[in-house]
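Heads up: the protein sequence lines correspond to chains A and B, in order. No gaps in the numbering here: position 297 of the first sequence is 297 in the UniProt record's numbering, and each next residue is one more. No gaps in the numbering here: position 309 of the second sequence is 309 in the UniProt record's numbering, and each next residue is one more. C-beta: ideal position from N, C-alpha, C; glycine also. Source: prediction; values computed, not measured. Here the structure is laid out as structure tokens; the discussion comes afterwards.
Number of protein chains: 2
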Amino acid sequence: MEMVVPLCINVVLSVVGFGVVLRAIPALSSMFIDAGLFGRDLCKADRTKKVPESMGMVSGTVFLVMMFLFLGVPFGQHFITSSKPFPHAAFSEYLTSLLSICCMLFLGFADDVLNLKWRYKLVLPTLASLPLLMVYYINQGSTTVVVPRLLRAWMGGTLNIGVLYYIYMSMLAVFCTNAINIYAGINGLESGQAVVVGASVAVFNMIELGGFQAKSHFFSLCVIIPFTITSLGLFIHNRYPAKAFVGDTFTYFAGMTFAVVAIIGHFSKTVLLFFIPQIFNFLYSVPQLFHFVPCPRHRLPQYNKKLDKLEPSVVEFRDTSVQWQVMAALRLLKYLRLVHLEEGVGEDGKLCRVNNLTLVNLVLVLIGPQHEGSLTTKLLVIQGLCSGLALFIRYPLADLFF
Amino acid sequence: MEMVVPLCINVVLSVVGFGVVLRAIPALSSMFIDAGLFGRDLCKADRTKKVPESMGMVSGTVFLVMMFLFLGVPFGQHFITSSKPFPHAAFSEYLTSLLSICCMLFLGFADDVLNLKWRYKLVLPTLASLPLLMVYYINQGSTTVVVPRLLRAWMGGTLNIGVLYYIYMSMLAVFCTNAINIYAGINGLESGQAVVVGASVAVFNMIELGGFQAKSHFFSLCVIIPFTITSLGLFIHNRYPAKAFVGDTFTYFAGMTFAVVAIIGHFSKTVLLFFIPQIFNFLYSVPQLFHFVPCPRHRLPQYNKKLDKLEPSVVEFRDTSVQWQVMAALRLLKYLRLVHLEEGVGEDGKLCRVNNLTLVNLVLVLIGPQHEGSLTTKLLVIQGLCSGLALFIRYPLADLFF
């Protein structure tokens, strides 16, 4: 009961926020375009249309305002119903979460406007997660991890990894923001994946509400529900055919929100399970991200006007321009049907052609050309199935090892 | 001793921040100009030069990062030196202050980029002050005011004004941001006034460190010192001849910082005393702000190329186009030497000419044309003298009435 009333109010506020986002985005579109915040949709026949960019700023601002309004509910009611002492630690963690999220929203928007260099994309989430780490430290948060059964004979049941835990949390913020950022490129994918991951985290929190860490999961729920529902409002404008792009503002903001709920909800390991497609996409991208294989500026799929479908985009390079280990790895991936690799093409027969190494292109390689709208749907279904897998790993499987 | 060490660390961090701001602004200038964030300096002979705008974003971000780093100092040391319980209420107030400031920095930057409409300028500070009011409420902050001696026979020694106090705090945020915003227009004035007010607040806090509210003033100091010193870095680039404009980002951010320290420091009435020039400027502007007298888009002084000096800018209108009460008021102000009013000018002798009603123009009317650099210096000296007056009102005078 103590949790039901605040959660109901939370849902009501979220739905109000959803309505505001839904109406605000079309109303503000021209203002964003006038300010130079727009992009061209490269996967369409008509590439001249200006689509407003950075619209994550709208859903993010609405989310924050709803969170500010909600603040008084779980903590304000404490004075009325509870005789226990005021939950100060939870309150300060909650405030810091909002601080880190607000900070990331600001820095993400600054990135969209100023086009910051790549290295800043690693620094900014670290800066924005600073207050959270500080408060974790001041609240003397646990830095202990549970050791898997196999290793317990040597290392004991739990292990205090101290400062490494802080580094892990900081890296989590960097990972979440960038993982969402690079798994992108087609209409609705950035906002859609955030909605699916958000909903999955919410389901996980609800399962854990009966557990012994109920309070932590309750606070995570209070953040993730408004996030998911307001992002759904954004998704409706961002899905095919996109009337709004989300911008780095959104991918940063969303990534930080996931990192934050994982930290204050004390499930900073479990949360990674909900990022299986993003982790796969990151690992799959490594050869291009680290320039073992040439990496063009855009790696999004190619639009085939005749079919009105998307095809995998490719990158061409001389087989002598990459190291033999890289070629061997690509051939192995080809054997595993994980890349579309052609060797000995081009006029002189010395060119290699490989699909750009993103999950979006891989899916197109595997199932053939797709209409953009249905490709997004399929990728989001994959995301959902992976969340099911994540819960399976978390519950029946983890019991075997921990 | 308990306060000396954190304050020293605070000053050291602030000086580091000062250095970062000083170097970052020239380094980032071209990035801001490329993003379309630039303005023309209208008080110069060469009006074609692009001056980067919104640079308050840089000093604001550096300020925030320094505050995040500082967070661990006053609260972290608590575990080492103090046997008293952890100051949870202060800690959450401190976090919320940063949240409100960060939020305002974000919204201010959004305003600079998107050119929001005038009405938003009133709404945004209210939104950004929401978390602060919520926390004030949750911490059961006092809503009691001391009644002046004269009225005590009827109203008692103190009066609980309840919700009116919250409205007052919210209005304080709106007032501070807009008061700084409209007292502007010449190089160095926005950042300079913020530095002078900041330093004045710091002096006031230091005096009060010996009083019975020492803790509150200590926390105010921890915020206002880094703010003042990083803003000084901005001022150095913003002063005549300006190599950077501060943007609404800065005026919003600075105004919110003053509102925030006044609220968490429990001197939300006293703080207004440090805004005497801004309040005067606002009241003086009222006839134009409410369009009793025509208000041109820019009211900054006029550049006289021959003298290389600034002269008061004027607005002309038909004497029949304004109400007789307004004309009477203008004549009264002329009698008091507070406006330069000419009647019966123009070809048909039916035009009125009056200086634009800002403090900057008034000073030019009173002391004659000035070089831009020296005008800023004089206005900042006036600001400093008013702070001296403020302290006089606060101490010897207030003792008579309270």
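Own chain residues within Cβ distance below 7 Å of residue i, not counting five before or after
i	result
Gln278/B	Ala179, Ile180 and Tyr183
Met155/B	Val147
residue 403/A	Here chain A has residues from 1 to 402 only, and residue 403/A is not among them.
Ala90/A	Lys215 and Phe219
Phe75/A	Phe91
Pro131/B	Thr96, Leu99 and Ser100
residue 412/B	There is simply no residue 412/B to check, as chain B begins at 1 and stops at 402 in what is shown.
Neighbouring residues, chain B, relative to residue i (Cβ below 7 Å)
i	result
Met31/A	Leu114
Leu234/A	By Cβ distance, chain B contributes nothing, its closest Cβ being about 16 Å from Leu234/A, past 7 Å.
Cys8/A	Within chain B, no residue comes near Cys8/A; the closest Cβ sits about 19 Å away, beyond 7 Å.
Leu99/A	Leu95, Leu98, Leu99 and Cys102
For residue i, the three-state DSSP class (helix, strand or coil)
i	result
Asn356/A	coil
Phe317/B	strand
Gly344/B	strand
Glu311/A	strand
Tyr240/A	coil
Gln323/B	coil
Leu397/A	helix
Thr96/B	helix
Thr48/B	coil
Tyr303/B	strand
Val339/B	coil
Gln370/A	strand
Thr230/A	helix
Gly19/A	helix
Leu151/B	helix
Leu159/B	strand
Leu116/B	coil
Arg40/B	strand
Val293/B	coil
residue 457/A	No answer is possible for residue 457/A: it lies beyond the span of chain A, which begins at 1 and ends at 402.
Leu351/A	strand
Tyr166/B	helix
Glu2/B	coil
Ser54/B	coil
Gly384/B	helix
For residue j and residue i, believed in contact at Cβ under 8 Å, the rounded distance
i	j	result
Glu93/B	Asn160/B	Actually they are not in contact, since the Cβ atoms of Glu93/B and Asn160/B sit about 20 Å apart, beyond 8 Å.
Ala259/B	Leu189/B	Actually they do not touch by this definition, with Cβ atoms about 20 Å apart.
Gly233/B	Val21/B	3 Å
Glu53/B	Ile186/B	Not really, about 15 Å apart at Cβ, beyond 8 Å.
Leu114/A	Ala35/B	5 Å
Val174/A	Pro125/A	5 Å
Residues near residue i by beta carbon distance below 8 Å, same chain, minus five either side
i	result
Leu366/B	Arg337
Pro226/B	Asn10, Leu13, Ser14, Gly17, Phe63, Met66, Met67 and Phe70
Phe280/A	Leu359
Gln193/B	Ile180, Tyr183, Pro277, Gln278, Leu379, Leu380 and Gln383
Asn304/A	Leu310, Glu311 and Pro369
Val51/B	Phe38, Gly39, Arg40, Asp41, Ala242, Lys243, Ala244 and Phe245
Proximal chain B residues relative to residue i, where beta-carbon distance stays under 8 Å
i	result
Val65/A	Leu127 and Leu130
Phe68/A	Leu127, Leu130, Pro131 and Met134
Ala254/A	Residues of chain B passing the Cβ test: none, with the nearest at roughly 16 Å.
Thr96/A	Leu95
Tyr120/A	Here the premise fails: no neighbours, minimum Cβ distance about 11 Å.
Gly17/A	By Cβ distance, chain B contributes nothing, its closest Cβ being about 13 Å from Gly17/A, past 8 Å.
residue 427/A	There is no way to answer for residue 427/A, as the model of chain A reaches only from 1 to 402.
Leu105/A	Phe106
Met57/A	Ala110
Heavy atom of the ligand FAD within 6 Å of residue i beta-carbon
i	result
Val196/B	Because no ligand of any kind appears in the structure shown, any question about the ligand FAD cannot be addressed here.
Contact list for residue i against chain A, beta-carbon separation under 9 Å
i	result
residue 420/B	This structure gives no information on residue 420/B, because the portion of chain B shown stretches from 1 to 402.
His88/B	Phe86, His88, Ala89, Phe91 and Ser92
Gly76/B	Met134, Tyr137 and Ile138
Interface partners of residue i on chain A, CB under 8 Å
i	result
Ala35/B	Gly36, Val113, Leu114 and Asn115
Gly344/B	Within chain A, no residue comes near Gly344/B; the closest Cβ sits about 43 Å away, beyond 8 Å.
Closer than 7 Å at the beta carbon, the chain A residues around residue i
i	result
Met171/B	Within chain A, no residue comes near Met171/B; the closest Cβ sits about 17 Å away, beyond 7 Å.
Cys222/B	The premise fails here: Cys222/B is roughly 14 Å from chain A at the closest Cβ pair, so nothing lies under 7 Å.
Any chain D beta carbon closer than 7 Å to residue i
i	result
Leu13/B	Here chain D cannot be found, since the structure's protein chains are A and B.
- Start-end ranges of the beta strand (DSSP E) lying completely within the segment 194 to 228 of chain B, minimum 3 residues: none
Which complete alpha helix (DSSP H) runs does the segment 242 to 271 of chain B hold, if anything under 4 residues is left out?
247 to 264
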